[in-house]
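Numbering (this note's numbering), first residue to last: 176 to 265.
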């Protein structure tokens, strides 16, 4: 059985080196520069601003987040049409 990389994974790989925002299942929001993204959506970020559910803000130098804990990603709009990663018709 061969596996193919889907559009969300391609888009996440294209976002490497750019600032992304993600929310994890606990409700915390992380915003930082995407250093690495794996095919299972594990990500490594640097220079991160973390916003807790209660609104408290803190800063981290570097963090590694397991893909199964991510609720959603927000990537820069400029990646919409990069290398065919954008959704058809968008």
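Cβ atoms here follow ideal geometry from the backbone N, Cα and C, with glycine treated the same way. Just so you know, these numbers come straight off a predicted model, no measurement behind them.
If you look at residue 240, you'll find it isn't in any alpha helix (DSSP H); it sits in the beta strand (DSSP E) that goes 232-240. DSSP lists 205 and 248 as the bridge partner or partners of residue 197. By the 16-neighbour rule on beta-carbons within 10 angstroms, residue 227 is exposed.
Between the alpha carbons of residue 232 and residue 253 lies a distance of about 27 Å.
In terms of Cβ geometry, residue 207 and residue 223 form a close pair [threshold 8 Å].
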